[in-house]
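A short write-up of the structure that comes next.
2 protein chains.
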Amino acid sequence: MTSTRYRKRANLRDVAKLANVSVATVSRVLNSPDSVAKNTKAVVDAAIAELRFVPSAAARAINSGRSRFVGALVPTLDHAIFARYLAALEQTLSDYRLSLVVATTNGDAAVEAQKAQTLVDIGAEGLVISGITHERELYELIERCQLPSVATSYYDPDFLLPTIGYDNVDAGRIALEHLLSLGHSAIAVVHGSLTSNDRTLARIKGLEGHDDAQMSFLEADLSVEAGCAAARQILSGKQRATAVLCLSDVLATGVLYELNRQGVSVPQDISIVGIDDLPGSAHTTPGLTTVHLPVVRMGHATAVAISEWIENGVVPAEKLFDTDLIIRGSTSPLHAD
Amino acid sequence: MTSTRYRKRANLRDVAKLANVSVATVSRVLNSPDSVAKNTKAVVDAAIAELRFVPSAAARAINSGRSRFVGALVPTLDHAIFARYLAALEQTLSDYRLSLVVATTNGDAAVEAQKAQTLVDIGAEGLVISGITHERELYELIERCQLPSVATSYYDPDFLLPTIGYDNVDAGRIALEHLLSLGHSAIAVVHGSLTSNDRTLARIKGLEGHDDAQMSFLEADLSVEAGCAAARQILSGKQRATAVLCLSDVLATGVLYELNRQGVSVPQDISIVGIDDLPGSAHTTPGLTTVHLPVVRMGHATAVAISEWIENGVVPAEKLFDTDLIIRGSTSPLHAD
DNA sequence: CCGCCAAATGTAACTAGTTACATAGGTTGT
DNA sequence: ACAACCTATGTAACTAGTTACATTTGGCGG
């Protein structure tokens, strides 16, 4: 026991020595076993087992120039929409025999740049980032390292990097136009933080240009709790909105919960529309009308794009996924009082 | 453009040549800039910039013996409880300057073993796994590589690896005893898959030994949708249960939604208790009574444990976090009809 | 004006693999 | 019987860094 405690990890030369063969032969046993005589292979295998030899990933990487993992930078893991997206990303990357390193940024571009540097430092072969608003350092890093990188959750064919995502402006507009088409004009908009969140900003941009609508804006944390609080504020307003447009389903769910609790009927008294289409949104009472974001397809497509770029040097084209209005029970036509 | 396209990535020797210094000096500029004369450093920096030199992570790793990342194996990312957990894990690992590689297993032990091998192949310095039921290959891998590894979401001081988690048997028992204490005895239990999910199995074990309770069991996928379906089945049963015990809040949420929809009053007609305490569970109508699982604290503790093990060789002690009953509105005493 | 010391830099040997090329040995063809 | 060839294996040079140790250079004290 004492003797084994400080036993240094065996390397390929140790194995070669013990098996009385050359390093090349050991390497062959590892990488092309068929090119080695059966007897020799057996001897080497025995030596490997005896020394508990495990090849060094770093030494392999230095020769192949490959680390076999990519980094993903997301604002948070603690939000179903990003978790779903990363789940899809990981799954398809895995088909390409690539692993996924996850780094969270808390929506802070400086943290993002710093974590991107960390990902490069540990050898990431590619980078997946969220949105198109980033620090100059991040761009410089990508440029300097010639690192295959795509931006997601956003679509902008003019962006420096290929974007694979959806049109956030559109998503906002679709949600608004749905409410307008139902006759609503007094609309409360509940949104997440505006600082360095281009997705939210874009969705709000989609609400512009409709002079017929009177919108009031409420900023909230991205939580059910904050949605509840926003609902209370909306109810206490002077001229009450007839519809609430939430830029995220998490907020919409909170609003819905709170209105239910306060005895306000949805959609009879107030309509609610969200954006995201989370798994639970179909099952609330009433079901939440929302704009579906194709994050699963986006995750798969991103994995394919970054893998092909890494493996075959194919710079991916940008890709736009449609956002679809999913009409459920939380919205209805405005009844004139 | 054509000339730069195939330019091979510059290495430290290229930089040394261009700057007319030795490789050691370049290395010093990178790692201890103060030990280099200002002029020399300036020349080297210029060369680095000109050649767009980025040090190879693999070559560094081969010398330091460090890759600076750990792997985590979880059944899925697409479930808030794991996402929250990983978020906490990543956050604290980041404080130790370690990155997190995420691999999902879909609850399949064979996939888990294979993905664990992949993690080792790419150089993970430690492993975090979920639960205590795994393939022999996984244990062999950990043993062979002498890989710092902890098992989480479970507590078992006798397990081969240190466990950092909570007592699932207890969680089940707490939920049941709450219902029993309210006078319920006809209880429908809704649980996830039993195949290779030791957490679910343990929770069910916690339900044993109460002869006063008549329990019927319903297996369902871990989704809101499946919870809704389970609720419908419960309603159509002959002798209707007066309480539903869900081994996961996702299922409980589905059951609650469906009962709401069917006009069944919760908790007047049926009580519901869950396990997890998801962020949204506090805000449903009524609020969901549930057993809180301390996944965030568990994530932080796991990160500290694995980091200390990797950095300082401190094999962590197992750690038990309490599970707490959170009483909200979805449970109430049974009224005799 | 010489010697000592420290700062700055260089040389070469490491880290742990892969692989091009060389060679030894046995089998087959003529 | 000997060339030709194939298979199995070994040698040594790569990959791209770090670092122990050696050497140079310059300033300052005696």
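For the protein sequence lines, the chains are A and B, in the order given. Numbering of the first sequence is given in this note's numbering, commencing with residue 4 and proceeding in unit increments. Numbering of the second sequence is given in this note's numbering, commencing with residue 4 and proceeding in unit increments. The beta-carbon is built from N, C-alpha and C at its ideal position, and this holds for glycine as well.
query: Nearest to A:P270 (by Cα), restricted to the options A:L250, A:T245, A:D280, A:T256; result: A:T245
query: B:N14 in three-state terms, based on DSSP; result: coil
query: Cβ shell of A:S335 (< 8 Å), same chain only, five flanking positions each side left out; result: L185, P270, Q271, S274
query: CB contact check: A:R264 to chain B, cutoff 8 Å; result: yes
query: DSSP three-state assignment for A:H338, whether helix, strand or coil; result: coil
query: Segment contact, 8 Å Cβ cut-off, at least three pairs: the stretch 59 to 67 of chain B with the stretch 123 to 135 of chain A; result: yes
query: Proximal residues to A:Q120 (C-beta, below 8 Å), its chain only, five neighbours per side dropped; result: E140, L144
query: Within 8 Å of chain B by C-beta, residues of the stretch 14 to 44 of chain A in sequence order; result: none
query: Segment contact flag, the stretch 302 to 311 of chain B with the stretch 149 to 158 of chain B, C-beta cutoff 8 Å, min 3 pairs; result: yes
query: Counted within 10 angstroms of its Cβ, other Cβ atoms place B:A178 as buried (16 or more) or exposed; result: buried
query: Start-to-end residues for the alpha helix (DSSP H) that takes in A:G175; result: 171 to 184
query: Inter-residue spacing [alpha-carbon to alpha-carbon] between B:H187 and B:T203; result: 22 Å
query: Amino acids of chain B, ordered along the chain, whose beta-carbon sits closer than 8 Å to that of A:Q94; result: T107
query: Nearest-angstrom beta carbon gap, B:A106 and A:S102 [assumed within contact, 8 Å]; result: 7 Å
query: Residue nearest to B:E3 in terms of C-alpha spacing, selected from B:A232, B:V298, B:R300; result: Coverage of chain B is limited to positions 4 through 340, which leaves residue 3 of chain B absent and any answer about it impossible.
query: Spatially closest choice to A:A304 from A:R69, A:V192, A:Y99, A:G209, by CA coordinates; result: A:Y99
query: Contact set for B:L183: own chain, Cβ-Cβ below 8 Å, skip 5 residues either direction; result: H213, D215, A216
query: Spatially closest choice to A:V46 from A:A22, A:R69, A:V39, by CA coordinates; result: A:A22
query: Within 8 Å of chain A by C-beta, residues of the stretch 108 to 121 of chain B in sequence order; result: K118, T121
query: Continuous alpha helix (DSSP H) assignments of at least 4 residues falling wholly in the stretch 68 to 139 of chain B; result: 83 to 98, 112 to 124
query: Alpha carbon of A:V24 to alpha carbon of A:D17, nearest angstrom; result: 10 Å
query: C-beta neighbour in chain A for B:L80, strict 8 Å; result: yes
query: CB contact check: A:V294 to chain B, cutoff 8 Å; result: no
query: Alpha carbon of B:L250 to alpha carbon of A:L122, nearest angstrom; result: 37 Å
query: Spatial neighbours of B:T28 in its chain, beta-carbon cut-off 6 Å, leaving aside the 5 residues before and after; result: none
query: Chain B contacts from the stretch 195 to 225 of chain A (Cβ-Cβ distance under 7 Å); result: none
query: DSSP three-state assignment for A:G168, whether helix, strand or coil; result: strand
query: Alpha helix (DSSP H) segment containing A:A255, residue limits; result: 252 to 264
query: Through-space distance from B:S219 to A:P78, alpha-carbon basis; result: 42 Å
query: CB contact below 8 Å: B:R147 versus chain A; result: yes
query: Under 7 Å from the C-beta of A:L103: neighbouring residues of chain B; result: V104, V105
query: A:L248 versus A:T256, A:N109, A:V131, residue with shortest Cα-Cα distance; result: A:T256
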